[in-house]
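Trainee: Each protein sequence line maps, in turn, to chains A and B. Just so you know, the first sequence maps onto residues 388 to 861 in our numbering. Just so you know, the second sequence maps onto residues 2 to 128 in our numbering. C-beta atoms are modelled at their ideal positions from N, C-alpha and C, and glycine is treated no differently. Please see the structure below; I have some questions.
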Amino acid sequence: MSRHVDVIVVGAGPAGLSASSTLAEMGLDVVTLDEQPQLGGQIYRNIEKASPKSLHLFGEDYSSGLMIAERFRKSGADYENSTSVWQLDSDGTICCSSRAHSRQMRANHVIVATGAMERPVPIPGWTLPGVMGAGAVNNLTKESGLKPSGNVVLAGSGPLLLLEATLLIKKNVEIAAILDTTPLIPRVSAVPPAPKALMRTDFLLKGASMLKSIKDAGIPHHRGVKDICAIGTNCLESVQARCGKETITIPADLLMLHFGVIPNSHIFRQAGCRMAWKADQRYWHPACDQWGRTNFERIFAAGDGAMVSGGVSARYRGELTALEVSRCLGIISGHERDALAKPLKKALRHDGWPRPFVDAIYAPRPEQFSFDDATILCRCENVTVKDVRRAVREGARDLNEIKIMTRSGMGSCQGRMCGPALAEIAAAEISLSPDRLGLLNVRPPLRPVPLEEIAEMELETAKESSNWLLDNKK
Amino acid sequence: MPNSIFKYDSEITPQMVKVMLDGREISLPAEMSVAAGLLGQGEIISRISPSSKRACSPHCLMGVCYECIMEINGINRQACMTKVEEGMVINRHIDGSDFNGKYESTEKTEANVNYEMPKPLKEGEPS
Ligand code: FES
Numbered sequence: 388m389s390r391h392v393d394v395i396v397v398g399a400g401p402a403g404l405s406a407s408s409t410l411a412e413m414g415l416d417v418v419t420l421d422e423q424p425q426l427g428g429q430i431y432r433n434i435e436k437a438s439p440k441s442l443h444l445f446g447e448d449y450s451s452g453l454m455i456a457e458r459f460r461k462s463g464a465d466y467e468n469s470t471s472v473w474q475l476d477s478d479g480t481i482c483c484s485s486r487a488h489s490r491q492m493r494a495n496h497v498i499v500a501t502g503a504m505e506r507p508v509p510i511p512g513w514t515l516p517g518v519m520g521a522g523a524v525n526n527l528t529k530e531s532g533l534k535p536s537g538n539v540v541l542a543g544s545g546p547l548l549l550l551e552a553t554l555l556i557k558k559n560v561e562i563a564a565i566l567d568t569t570p571l572i573p574r575v576s577a578v579p580p581a582p583k584a585l586m587r588t589d590f591l592l593k594g595a596s597m598l599k600s601i602k603d604a605g606i607p608h609h610r611g612v613k614d615i616c617a618i619g620t621n622c623l624e625s626v627q628a629r630c631g632k633e634t635i636t637i638p639a640d641l642l643m644l645h646f647g648v649i650p651n652s653h654i655f656r657q658a659g660c661r662m663a664w665k666a667d668q669r670y671w672h673p674a675c676d677q678w679g680r681t682n683f684e685r686i687f688a689a690g691d692g693a694m695v696s697g698g699v700s701a702r703y704r705g706e707l708t709a710l711e712v713s714r715c716l717g718i719i720s721g722h723e724r725d726a727l728a729k730p731l732k733k734a735l736r737h738d739g740w741p742r743p744f745v746d747a748i749y750a751p752r753p754e755q756f757s758f759d760d761a762t763i764l765c766r767c768e769n770v771t772v773k774d775v776r777r778a779v780r781e782g783a784r785d786l787n788e789i790k791i792m793t794r795s796g797m798g799s800c801q802g803r804m805c806g807p808a809l810a811e812i813a814a815a816e817i818s819l820s821p822d823r824l825g826l827l828n829v830r831p832p833l834r835p836v837p838l839e840e841i842a843e844m845e846l847e848t849a850k851e852s853s854n855w856l857l858d859n860k861k
Numbered sequence: 002m003p004n005s006i007f008k009y010d011s012e013i014t015p016q017m018v019k020v021m022l023d024g025r026e027i028s029l030p031a032e033m034s035v036a037a038g039l040l041g042q043g044e045i046i047s048r049i050s051p052s053s054k055r056a057c058s059p060h061c062l063m064g065v066c067y068e069c070i071m072e073i074n075g076i077n078r079q080a081c082m083t084k085v086e087e088g089m090v091i092n093r094h095i096d097g098s099d100f101n102g103k104y105e106s107t108e109k110t111e112a113n114v115n116y117e118m119p120k121p122l123k124e125g126e127p128s
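Here it is, written out as structure tokens:
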């Protein structure tokens, strides 16, 4: 039988946990579903079992998660780990799978807090074993106490790249080089928000100390780097890049890539939420109001999954969404909501001061990604950049058309790894902005689910759903 | 054989359990994901890509890339989302042998391959 609750929260990172806690503390029936085995999301990964050393290493940015986790545990929200939501419908019904069992659940409201992921940027050789996301290495450290050994090269752009470098330095990992693709001359758009960023000296000091620790460690920090390339036969052997007029080659066992973060938006797209294009950061996000309400009354978006602004902000935004949901459910009045929201909004503003400045400095620029014809774009289906360009030349003008023609985006990851670059490549071919080419359709199941599991599901009512599998079940 | 690219922090002595990896018994640390456990043992290859036939290693460690798919207890699963358990049977089929367990897949269903004309998407605020 399918269960009915007041609110389902998808995701147990800062936004999901705060939203769940706020609602459960009000006495509402809340279920928090998270696909990871442990709560905390990516930023607070493994927080409940973190060793004192790990808490110290990652500092306050990480340890502040303890409080959030503790509050959540006490709040009375029902927490289900290792549970993947594989379908979300606009009426508040979800299908999820956990421990080889799928079921349906329904809620008055669903708060989706699926967080962010690293922007996948294909480079030549990025499918070689030994090339990983920088976030992946960060996860390994938090979760398993593993640290890289051998020749480690970091490449890409963004504050998190430098942050990761400083963490590795603290762990005595030798970094062979940092290949920074951030353009040497900042954008003009970085100038107007600069004064606001200056009001957060704590933030600026943090940035300065990151750069200092990289310098003190004597790590070659190449800037304005272009054309990064991973080289090797069976696994990574070296990294090559262009640095001004020079071409540098660095022997490497591990290449950590990072090109900023984008919202994890598949679930919104599957549900049919209206998506908006954030032109300066070049990503799609669900269109929503200040409370996170999407175009569907019952579906809310919170945290970095709604728009990337970091863990601290995600927590506040999770709470704001929870306040609005509790107002919708008649627990608090509009006045109460506003009063409770006031300090949160203030904190949010304070946290957000440096954001436009940082965003402008590290804004992805199309010319930064010079995709090479032979580069594999779609890892799952082994589709190259050239295949996509050919499809565009043959007249394809929509990403879904290109997907059918090339198979890019048809593999297990459902276009999570190739989608953003696919749009960039195709758009560049015809000199359009990527948003003009639409978005890859996302269909349920969002996660691979064995057919038997779906066959065994008990459905409450035969309702017309968007899922072919469920509709044809009888 | 690729170099071991990860090692444990000296202070951490994980509790080990026995699992079967590609037909041989090995010890992996309990309480962590299969992907992390294997990386810590120097096993960086996760599978052979069915499309390119080349070796892959886990890329994202957060459930996004599906490069860590392995046959775990007879089912193809993401190793980075699966915790190590005593007695687990893990097969990576990296010697080219075929997978003969159950397939867990999204992409081959008709629902995913059906092609619909896309609706134009525009930037806008919800009503
Ligand atoms: S490593 Fe990316 S899904 Fe497991």
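So the beta strand (DSSP E) arginine 460 of chain A belongs to, where does it begin and stop?
Mentor: Note, arginine 460 of chain A: premise wrong, no beta strand (DSSP E); alpha helix (DSSP H) at 447 to 462.
Trainee: Taking the CB atoms as reference points, tell me whether isoleucine 45 of chain B and arginine 93 of chain B lie closer together than 8 Å.
Mentor: No, they are not a contact pair.
Trainee: Anything in the stretch 786 to 810 of chain A with a Cβ closer than 7 Å to a Cβ of chain C? List those residues in chain order, please.
Mentor: Here chain C cannot be found, since the structure's protein chains are A and B.
Trainee: Could you tell me which whole beta strand (DSSP E) segments of length 3 or greater appear in the stretch 652 to 712 of chain A?
Mentor: List check, beta strand (DSSP E) in window: 662 to 665, 670 to 673 and 686 to 688.
Trainee: Specify the secondary structure class of asparagine 495 of chain A as computed by DSSP and reduced to three states.
Mentor: In this structure, asparagine 495 of chain A counts as strand in the three-state DSSP scheme.
Trainee: Determine the extent of the alpha helix (DSSP H) in which valine 590 of chain A is found, giving its start and end residues.
Mentor: With the sequence shown as reference, residue 590 of chain A is identified as phenylalanine, and valine is not the correct amino acid for it. 588 to 603 is the span of the alpha helix (DSSP H), which, as asked, contains phenylalanine 590 of chain A.
Trainee: Can you tell me the Cα-Cα spacing of aspartate 465 of chain A and valine 397 of chain A, whole angstroms?
Mentor: Cα-Cα distance, rounded: 12 Å.
Trainee: With a threshold of 8 Å between beta carbons, is threonine 419 of chain A in contact with chain B?
Mentor: Cβ-Cβ to chain B under 8 Å: no for threonine 419 of chain A.
Trainee: Return helix, strand or coil for glutamine 425 of chain A, following the three-state DSSP convention.
Mentor: Three-state result, glutamine 425 of chain A: coil.
Trainee: By the criterion of Cβ-Cβ separation under 8 Å, what are the contact partners of alanine 56 of chain B in chain A?
Mentor: Ordered by position in chain A, the residues that pass the 8 Å Cβ test against alanine 56 of chain B are Pro516, Asn621 and Cys622.
Trainee: Taking the alpha carbon of serine 53 of chain B as the point to measure from, which residue in A/Leu541, A/Val770, A/Gly403 and A/Arg432 has its own alpha carbon closest?
Mentor: Nearest option by C-alpha distance: A/Val770.
Trainee: Where does glycine 400 of chain A sit, in a helix, a strand or coil, going by DSSP?
Mentor: In this structure, glycine 400 of chain A counts as coil in the three-state DSSP scheme.
Trainee: If you draw a straight line from the C-alpha of leucine 642 of chain A to the C-alpha of leucine 591 of chain A, how long is it?
Mentor: Taking the straight line joining both Cα atoms gives about 28 Å.
Trainee: Say whether the stretch 646 to 658 of chain A touches the stretch 538 to 548 of chain A, bearing in mind that this needs 3 or more beta-carbon pairs closer than 8 Å, one atom from each stretch.
Mentor: The stretch 646 to 658 of chain A, when compared against the stretch 538 to 548 of chain A, does touch it at the 8 Å Cβ threshold.
Trainee: Counting only C-beta atoms, is serine 407 of chain A closer than 8 Å to chain B at any point?
Mentor: It does not: the Cβ of serine 407 of chain A has no partner Cβ on chain B nearer than 8 Å.
Trainee: Examine the ligand FES and report whether any of its heavy atoms sits within less than 7 Å of the Cβ of glutamine 429 of chain A.
Mentor: Result no, Cβ not under 7 Å from the ligand FES.
Trainee: Given arginine 506 of chain A, which residues of its chain have a CB within under 8 Å of its CB, disregarding the five upstream and five downstream residues?
Mentor: If we look at arginine 506 of chain A and ignore the five residues flanking it on each side, its Cβ neighbours are Phe646, Gly647, Val648, Ile649, Tyr670, Pro751 and Pro807.
Trainee: Please report the straight-line C-alpha distance between serine 5 of chain B and valine 394 of chain A, rounded to a whole angstrom.
Mentor: So the alpha carbons of these two residues sit roughly 45 Å apart.
Trainee: Relative to the alpha-carbon of alanine 658 of chain A, which residue among A/Leu585, A/Asp589, A/Gly611 and A/Phe687 has its alpha-carbon at the smallest distance?
Mentor: Comparing Cα positions, the closest option is A/Phe687.
Trainee: Sort A/Leu827, A/Ala500, A/Leu555 and A/Asp603 by Cα distance to serine 795 of chain A and report the nearest one.
Mentor: It is A/Leu827.
Trainee: For a minimum of 3 consecutive residues, which ranges assigned as the beta strand (DSSP E) are wholly contained in the stretch 746 to 787 of chain A?
Mentor: Qualifying beta strand (DSSP E) stretches, in chain order: 763 to 765.
Trainee: Indicate whether at least one CB of chain B lies closer than 8 Å to the CB of aspartate 476 of chain A.
Mentor: No, no contact with chain B.
Trainee: Between glutamate 68 of chain B and the ligand FES, is there a pair consisting of the residue's CB and a ligand heavy atom that are separated by less than 7 Å?
Mentor: For the ligand FES, at least one heavy atom lies less than 7 Å from the Cβ of glutamate 68 of chain B.
Trainee: By Cβ distance below 6 Å, which residues in the same chain neighbour aspartate 738 of chain A in space, the five residues on each side in sequence not counted?
Mentor: Counting only Cβ-Cβ distances below 6 Å, and skipping sequence neighbours, we find Val699 and Ser700.
Trainee: Keeping to the same chain, check which residues put their C-beta closer than 7 Å to that of glycine 64 of chain B; ignore five residues upstream and five downstream.
Mentor: Once the five neighbours on either side are set aside, the close Cβ partners of glycine 64 of chain B are Gln79, Cys81 and Met82.
Trainee: Could you name each continuous alpha helix (DSSP H) segment of 4 residues or more that falls completely within the stretch 518 to 577 of chain A, going from the start of the chain to the end?
Mentor: Here the runs fully enclosed are 521 to 531 and 546 to 557.
Trainee: Secondary structure at serine 106 of chain B, three-state DSSP: helix, strand or coil?
Mentor: Legend: pLDDT at serine 106 of chain B = 41, less than 50; position of this residue unreliable, value from coordinates given subsequently. Three-state result, serine 106 of chain B: coil.
Trainee: Here's the rule I'm using: 16 or more other beta-carbon atoms within 10 Å means buried, otherwise exposed. How should histidine 496 of chain A be labelled?
Mentor: Buried: at least 16 other Cβ atoms inside 10 Å.
Trainee: For glycine 452 of chain A and histidine 722 of chain A, what's the separation of their Cα atoms in angstroms?
Mentor: One C-alpha to the other measures close to 30 Å.
Trainee: Can you check whether the CB of cysteine 622 of chain A is closer than 8 Å to the CB of glycine 697 of chain A?
Mentor: Their beta carbons are not under 8 Å apart, which means glycine 697 of chain A does not touch cysteine 622 of chain A by this criterion.
Trainee: Would a C-beta distance cut-off of 8 Å place lysine 84 of chain B and proline 837 of chain A closer than the cut-off?
Mentor: For lysine 84 of chain B and proline 837 of chain A, no; Cβs fall outside 8 Å.
Trainee: Looking at leucine 62 of chain B and the ligand FES, is the gap between the Cβ and the nearest heavy atom below 7 Å?
Mentor: Indeed, a heavy atom of the ligand FES lies less than 7 Å from the Cβ.
Trainee: Going by C-alpha to C-alpha distance, which of A/Ile565, A/Leu585 and A/Arg390 sits closest to glutamine 491 of chain A?
Mentor: For the residues A/Ile565, A/Leu585 and A/Arg390, the minimum Cα distance to glutamine 491 of chain A belongs to A/Arg390.
Trainee: Tell me which residue opens and which closes the beta strand (DSSP E) that alanine 503 of chain A is part of.
Mentor: Alanine 503 of chain A -> beta strand (DSSP E) spans 503 to 505.
Trainee: Can you grab the Cα-Cα spacing for the pair lysine 534 of chain A / glycine 605 of chain A, in whole Å?
Mentor: When rounded, the distance between both Cα atoms is 20 Å.
Trainee: At a Cβ threshold of 8 Å, is glycine 452 of chain A touching chain B?
Mentor: No, glycine 452 of chain A lies away from the interface with chain B (no Cβ there is under 8 Å from its Cβ).
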